[in-house]
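*Asks:*
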Amino acid sequence: MEESYAVLMKNITKKFSSTVANYRVDFDLRKGEIHALLGENGAGKTTLMRILYGEIQPDEGEIFVWGKKTVVKSPSHALRLGISMVHQHFRLVDSLTVAEHLALCSSEVRFLSKRKIENLVAEYFKEYYLKVDLDAHIWQLSAGEKQKVEILKALIRGARILVLDEPTSSLTPLEVKDLFRVLHKLRNRGYAIVFISHKLGEVLEISDRITILRKGKKVATIPASEADPVTLAKLMVGDLPSPAKNTHTSPPGGEVLQVKSLYVKNDRGGIAVRGVSFSVRKGEIFGVIGVAGNGQRELAEAIAGLRKPVKGEIFFRGILVNGSGPRELARRGLAYIPEESFKTAVLPELTVAENSILRYYWRFTEKGFIKKTLVEKWAKSLIKEFDILAEGLHVKAKSLSGGNLQKLVIARELSSKPELLVAVNPTAGLDISASQRTREKLLEIKAQGSGVLLFTEDIDEALQICDRIAVIFKGSFKGLFSREEADVNKISLLMAGVDL
Amino acid sequence: MIIKIEKRSEYNRYSALDISILSVLLALAVASIIMWAFRVSPTRAYYEIFVKTLSNKYGISHVVARTIPLLLCSLGLVVCFKAGVWNIGAEGQLLMGAVAATGVALYLMPQSPSWILLPTMFTLGAVMGAFWALIPALLKAKARVNEIITTLMLNYVAEKIVEYLVYGPWKSPSGWGFPLTDTIPDQARLPLIPGTPVHIPTLGISLLSSALVFLVLRKTSMGFELKVYGFSEKVAEYATVSRTKVIVISMVLSGALAGIAGVGEIAGIHYRLRLPRSISGGYGYTGIIVAWLSRLNPLACIPFSLLLSVLSVGSDAIQITLKLPRGVINIFNGLILVMLLVLDFLAKYRIKVIKHE
Ligand SMILES: Nc1ncnc2c1ncn2[C@@H]1O[C@H](COP(=O)(O)OP(=O)(O)OP(=O)(O)O)[C@@H](O)[C@H]1O
Ligand SMILES: [Mg+2]
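Heads up: the sequence lines are chains L and Z, in that order. Just so it is clear: in the first sequence, position 223 is 223 by this note's numbering, and no numbers are missing. With the second sequence counted from 1, adding 1000 to any position gets you this note's numbering.
1. Are three or more beta carbon pairs between the segment 1239–1252 of chain Z and the segment 1172–1180 of chain Z nearer than 8 Å?
2. Note down, in chain order, every chain Z residue with its Cβ under 9 Å from the Cβ of residue 405(L).
3. Determine the DSSP secondary structure at residue 258(L), reduced to helix, strand or coil.
4. Quick check: what's the CA-CA separation for residue 44(L) versus residue 358(L)?
5. Quick one, which of 301(L), 327(L) and 212(L) has its alpha-carbon nearest residue 344(L)'s?
6. From what residue to what residue does the beta strand (DSSP E) around residue 421(L) run?
7. May I ask you to list, following chain order, the residues of the segment 1237–1259 of chain Z that have a beta carbon less than 9 Å from some beta carbon of chain L?
8. So, does the CB of residue 1235(Z) fall closer than 7 Å to a CB anywhere in chain L?
9. Flag residue 1171(Z) as yes if its beta-carbon sits less than 7 Å from any beta-carbon of chain L, otherwise no.
10. Could you please give the first and the last residue of the uninterrupted alpha helix (DSSP H) stretch that includes residue 1295(Z)?
11. Within its chain, find whatever has a CB closer than 6 Å to the CB of residue 196(L); leave out the 5 residues flanking it on each side and keep chain order.
12. Classify residue 85(L) as helix, strand or coil using the three-state DSSP reduction.
13. Is any heavy atom of ligand 2 found at a distance shorter than 6 Å from the C-beta of residue 39(L)?
14. Contact criterion: CB-CB distance below 7 Å. Does residue 97(L) meet it with respect to chain Z?
15. DSSP three-state call for residue 1196(Z): helix, strand or coil?
16. Does the Cβ-Cβ distance between residue 1016(Z) and residue 1274(Z) come in under 7 Å?
17. If distances are taken between C-alpha atoms only, which option among 135(L), 474(L) and 42(L) comes closest to residue 19(L)?
18. With a cut-off of 8 Å, do at least 3 Cβ pairs link the segment 1075–1086 of chain Z to the segment 1262–1269 of chain Z?
19. When DSSP labels each residue in this structure, what does residue 68(L) get in the three-state scheme?
20. Looking at C-alpha atoms only, which residue of 1298(Z), 1069(Z) and 1229(Z) is the closest neighbour of residue 1198(Z)?
21. Jot down the residue ranges of each uninterrupted alpha helix (DSSP H) in the segment 1022–1070 of chain Z, minimum 4 residues, whole runs only, in chain order.
22. Taking all protein chains shown into account, do 16 or more other C-beta atoms lie within 10 angstroms of the C-beta of residue 1321(Z), making it buried, or fewer, making it exposed?
23. Which residue marks the beginning of the beta strand (DSSP E) containing residue 468(L), and which one marks its end?
24. Check whether the Cβ of residue 1219(Z) lies closer than 7 Å to any Cβ atom in chain L.
25. List in chain order the residues whose CB is within less than 7 Å of at least one heavy atom of ligand 2.
26. Taking only beta-carbon positions, decide if residue 1(L) is within less than 7 Å of chain Z.
27. Does the beta carbon of residue 158(L) come closer than 7 Å to any beta carbon on chain Z?
28. Under 8 Å: do the segment 48–58 of chain L and the segment 79–91 of chain L share three or more Cβ pairs, one atom per stretch?
29. Is it buried or exposed, residue 1082(Z), if we count other Cβ atoms within 10 angstroms and call 16 or more buried?
30. Would you call the CB atoms of residue 311(L) and residue 263(L) closer than 7 Å?
31. Could you say which of 47(L), 56(L) and 278(L) lies nearest to residue 477(L) if we only look at CA atoms?
32. Would you mind sorting residue 448(L) into buried or exposed? The rule is 16 or more other CB atoms within 10 Å of its CB.
33. Compute the Euclidean distance between the alpha carbons of residue 293(L) and residue 372(L), then round it to the nearest angstrom.
34. Would you say residue 233(L) touches ligand 1, meaning its beta carbon is less than 6 Å from a heavy atom?
35. Terminal residues of the continuous beta strand (DSSP E) containing residue 21(L)?
36. Rank 1123(Z), 1047(Z), 1114(Z) and 1059(Z) by C-alpha distance to the C-alpha of residue 1260(Z) and give the top, closest one.
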């Protein structure tokens, strides 16, 4: 066995009851390389890496770690072998501080001594640009900082092989750049890194080699230098989908949502939204674009009735709804796809069918009883229409892949016949074609006369489907463009806080 | 040496029910060690508890009689626990139901015929139990006061109220100064299965309640709301579930069922109010164990209530025949709960001892 291989996985097969998540997959990871894993939602990327991390056992196949044949029995065994995995969805404890987290991971720090932890991480802080505030609580951190904590955890535990499952899907562009700097440094020091992402640009930028999975099978492993987006997309799905076009031109109707000088606080008690005013019309997609953490979450929650505004007014379909609860708003036709929907908009322990009615179960209720046949019919139609990969209606939602869980939320909210849809980063975690289909669906409900308030961080997405675009920065709107006058450069400057 | 706790990688081989049964068996095994310490043969003890108790009409009928309040209490707790509302106040809610029943039968309408009196006792008993649960429910819903503490404290308040009544204003003048009220009139007494202490209407209510609670949790939107809230308060808010509704309804339902259990104890067993310990014998607390053993399945509450009341009747018997100290039953209950918690933990986690290099 060659010494330069950190990991060699041979012929890995893993079946869940009726799904073949991995079929005879070969995968190798060299010392000092960043190896990207690509594939559609449900292609088996997470499964393959969970096998390497010892979370699940393969049905067939062999694993060699550092040249030695190994059965990875559990995550702690994996850690002893120097393998660490950062999951698609963070598994940090919100109420702990960074220092406490790191202390828990280290076998050297028995008692929480700040000095010891500082000594421990000083090297990483300096060498790998992994600086984070040790006293901050996890809930106070941005997604990018959480990612850093996860990586620090792995390094402290002595990992030499790092698996990062979609680390960038909720990071701002700047944070992505930061992360890539860390990864480069780690690679140059001989760490072996697996990087999973749906963003082809990122993959081409950061990785040395790329392995593509399709429906559980490995399609190819190619050097990044020989790859380009079109080839990759072809390998992943067979073809590159043509982008959705906003061609609907009939003039938008009356205002479905009006927001008047709205002020909203965040969880920490600071003002997150400062005097925002705008309106969304029927048959219009109104885009709010900005870097994450500029008040999008708070604004969306206030409109959905989940957060009380401090000041200002919200009118939904002509009626003042400041004090209305989420039920009343949903009843009047407000659909909502929140940020980090896997945490707040689904319950992994419930079934797919139950999750498909989560926000609308009262529509399926007659004389207090939930109509099972109606629910099943509904869930089936969602699965079909939105191409959700699930083993059935009555499996737990946690058995769905990350992207398919997101599709379930999108399907539920888009199919609820909304008057207004509020969607925060709906395509996060979706593969290229699923993102594309989601955008098409947004255009579809717009054509049917719904208003859409779309929060996004992706300028291309905004330009592609929005009718009007507002830039949000530090809780205020910094400019409002119609699609015709929207300009990429102007928008990116405004997003970065440059006043024009 | 380091002790490490890690999550098991694959889903455990044991179902929740296996773990319940295993924990009962383990508890019995550990209890036998304790019996040994008292120089009592465990085989003999278990023979007495299980075989003797269940081989005669007296034993069986007492087992069934004790199952009734236990089942009613555990059903209510299942509803609360499903919603993640930690009601440990069934004991107090039961006692308040008993107080209401006695009050109705002795003071409010002692002259009324059975067909008015008994339904009134049940209704007011349920209302009183529900009211006792409503207090902590509102405190939790409106002011986020921890319900574990309030329900527990209200148990003590209920006990004090009962004691006050039986020592004070309600004490029977013809009772030789004992802490007892007068006996309730004949028309306030429940029909029994002849020759047994099994009060038929309450038995019916308890079995019917199992089916009803099952139906509510499985099929209704209310059940869905309880489940969603039980998993996550945040997601429940997103799902347009009303927090106040979930807390109040689960607690009120639970309190009403415990209150009905209290009525049954007065109108079917004691025929008078007496000291709290004689009325209840800890059904409200044992109900917690039954609810957990049943894995919050209301139908499974029936066999597990039966099992724990066999242990209860059986250990009363061995206290006398084998001269074991009082409170053997508490040992059983405590051990079962501890075993259940330990096994649940071990099913999910593995404990590893690593020698220091
Ligand atoms: N525990 C499980 N039980 C049943 N099926 C599962 C389980 N875990 C994964 N699957 C299925 O295996 C397939 C592959 O899932 P996996 O999570 O590996 O996909 P993925 O490539 O990571 O997708 P995504 O990009 O959406 O995260 C999916 O169809 C999924 O439904
Ligand atoms: Mg995945």
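Beta carbons are placed, not taken as given, at the ideal position from N, Cα and C, and that holds for glycine. Since the model is a prediction, treat every value here as computed from it, not as a measurement.
*Replies:* The relevant details are as follows:
1. Counting Cβ pairs under 8 Å, fewer than three are found: no touch.
2. On the first sequence, residue 405(L) is found 405 positions in, with the first residue counted as 1. What residue 405(L) touches in chain Z: nothing, since even the nearest Cβ is about 13 Å away.
3. Taking the first sequence and counting its residues from 1, one reaches residue 258(L) at position 258. If DSSP states are grouped into helix, strand and coil, residue 258(L) belongs with the strands.
4. Numbered from its first residue, the first sequence carries residue 44(L) at position 44. Numbered from its first residue, the first sequence carries residue 358(L) at position 358. Roughly 27 Å between the two C-alpha positions.
5. The residue given as residue 344(L) occupies position 344 in the first sequence. Measuring from the Cα of residue 344(L), the nearest candidate turns out to be 301(L).
6. Residue mapping note: residue 421(L) aligns to position 421 of the first sequence, counting from 1. Taken as a continuous stretch (DSSP letters only), the beta strand (DSSP E) holding residue 421(L) covers 420–424.
7. Residues of the segment 1237–1259 of chain Z with a C-beta atom less than 9 Å from some C-beta of chain L are 1237, 1238, 1239, 1240, 1241 and 1242, listed in chain order.
8. Within the second sequence, numbered from 1, the residue matching residue 1235(Z) stands at position 235. With 7 Å as the cut-off, residue 1235(Z) counts as an interface residue toward chain L.
9. As a working mapping, residue 1171(Z) is identified with position 171 in the second sequence. No, because no Cβ of chain L sits closer than 7 Å to the Cβ of residue 1171(Z).
10. As a working note, residue 1295(Z) is residue 295 in the second sequence. Looking at the DSSP string, residue 1295(Z) is not in any alpha helix (DSSP H), and its letter there is neither H nor E.
11. For this step, residue 196(L) is matched to residue 196 along the first sequence. Correct list, in chain order: 37, 45, 165 and 166.
12. As a working note, residue 85(L) is residue 85 in the first sequence. If DSSP states are grouped into helix, strand and coil, residue 85(L) belongs with the strands.
13. As a working mapping, residue 39(L) is identified with position 39 in the first sequence. Not one heavy atom of ligand 2 is found less than 6 Å from the C-beta of residue 39(L).
14. Within the first sequence, the letter at position 97 stands for residue 97(L). Answer no: the Cβ-Cβ gap between residue 97(L) and chain Z never drops below 7 Å.
15. Within the second sequence, residue 1196(Z) is the residue found at index 196, counting from 1. Residue 1196(Z): coil per DSSP, three-state reduction.
16. For this step, residue 1016(Z) is matched to residue 16 along the second sequence. For this step, residue 1274(Z) is matched to residue 274 along the second sequence. No; because the gap between Cβ atoms is not below 7 Å, this pair is not in contact.
17. Taking the first residue of the first sequence as 1, we reach residue 19(L) at position 19. With distances taken between Cα atoms, residue 19(L) lies closest to 42(L).
18. A contact is defined here as three or more CB-CB pairs under 8 Å, and the segment 1075–1086 of chain Z fails this definition with respect to the segment 1262–1269 of chain Z.
19. Locating residue 68(L) in the first sequence gives position 68, counting from the first residue. Correct three-state label for residue 68(L): strand.
20. As a first step, residue 1198(Z) is located in the second sequence; it is residue number 198 there, counting from the start. Closest option to residue 1198(Z), judged by alpha-carbon separation, among 1298(Z), 1069(Z) and 1229(Z): 1069(Z).
21. Taking only runs of at least 4 residues, the alpha helix (DSSP H) segments lying wholly in the segment 1022–1070 of chain Z are 1042–1046.
22. Translated into positions along the second sequence, residue 1321(Z) becomes position 321. It counts as exposed.
23. Reading the first sequence from its first residue, position 468 is the one you call residue 468(L). Here the beta strand (DSSP E) through residue 468(L) covers 468–473.
24. In the second sequence, the residue the question calls residue 1219(Z) occupies position 219. Using beta-carbon distances, residue 1219(Z) counts as an interface residue toward chain L, with a partner under 7 Å.
25. That query returns the following residues: 45(L), 46(L), 88(L), 165(L), 166(L), 196(L), 401(L), 402(L) and 403(L).
26. Counted from its first residue, the first sequence places residue 1(L) at position 1. Low local confidence applies: a pLDDT of 45 at residue 1(L) is under 50, so the model's placement there is unreliable, and no value is given.
27. Position 158 of the first sequence, counted from the first residue, corresponds to residue 158(L). So, not an interface residue.
28. Enough Cβ pairs lie closer than 8 Å, so yes.
29. Looking up residue 1082(Z) in the second sequence gives position 82. Burial call: buried.
30. The residue you call residue 311(L) lines up with position 311 of the first sequence. The residue you call residue 263(L) lines up with position 263 of the first sequence. Closer than 7 Å, so yes.
31. Along the first sequence, read from residue 1 onward, the residue named residue 477(L) stands at position 477. The closest CA to that of residue 477(L), considering only 47(L), 56(L) and 278(L), is found on 278(L).
32. Sequence index remark: in the first sequence, residue 448(L) carries index 448 (1-based). Classification for residue 448(L): exposed.
33. As a working mapping, residue 293(L) is identified with position 293 in the first sequence. As a working mapping, residue 372(L) is identified with position 372 in the first sequence. Residue 372(L) has its alpha-carbon roughly 40 Å from the corresponding atom of residue 293(L).
34. Translated into positions along the first sequence, residue 233(L) becomes position 233. No, Cβ of residue 233(L) sits at least 6 Å from all heavy atoms of ligand 1.
35. Residue numbering aside, residue 21(L) sits at position 21 when the first sequence is read from its first letter. Here the beta strand (DSSP E) through residue 21(L) covers 20–30.
36. Here residue 1260(Z) refers to the residue found at position 260 of the second sequence. The shortest CA-to-CA distance from residue 1260(Z) to any of 1123(Z), 1047(Z), 1114(Z) and 1059(Z) is the one to 1123(Z).
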